[in-house]
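*Asks:*
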């Protein structure tokens, strides 16, 4: 798998820091990794894309699946620090219209705290 996931927690927010490529070869493993790492008690999740060099439609699908797990009242989800290639795919696909995007982890955490 050309992708690593590192978990962090800041201000009570679970953060999955992704690094590498997200494509059809590893999207299912990524989904499994994220689902395994997110406990049922989690109310806020940020996916940090700062180190992601590529994302395919399969990767976007994983993002939507994970986002839906945080649609209930009192739950929050967002993505942050998109690289230019990832931002382009997310914008072209319209993903940016359904998922909250933040410039940084700090911006996402502040937005979550303000809600």
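In our numbering, the protein residues as written are 1 to 115. Even glycine gets a Cβ: it sits at the ideal position worked out from N, Cα and C.
Using the Cα positions of residue 4 and residue 60, report the straight-line distance between them to the nearest angstrom.
*Replies:* C-alpha separation (whole angstroms): 16 angstroms.
*Asks:* Determine contact between the stretch 53 to 68 and the stretch 88 to 103, defined as no fewer than three beta-carbon pairs at a distance below 8 angstroms.
*Replies:* Enough Cβ pairs lie closer than 8 angstroms, so yes.
*Asks:* If we ignore side chains and look at the alpha-carbon of each, how far apart do residue 17 and residue 81 end up?
*Replies:* Distance between the alpha carbons of residue 17 and residue 81 is about 10 angstroms.
*Asks:* Quick one: which unbroken beta strand (DSSP E) runs of 3-plus residues sit fully inside the stretch 2 to 26? Chain order, please.
*Replies:* With a minimum length of 3 residues, the continuous beta strand (DSSP E) runs that stay inside the stretch 2 to 26 are 3 to 10 and 13 to 22.
*Asks:* What does DSSP give as the partner residues of residue 54 in its beta bridges?
*Replies:* Its beta-bridge partners are 21.
*Asks:* What does DSSP give as the partner residue(s) for residue 45 in the beta ladder?
*Replies:* According to DSSP, which records beta bridges pairwise, residue 45 is partnered with 14 and 77.
*Asks:* Give me the Cα-Cα distance between residue 46 and residue 25, rounded to the nearest whole angstrom.
*Replies:* Using only the alpha carbons, I get a separation of about 23 angstroms.
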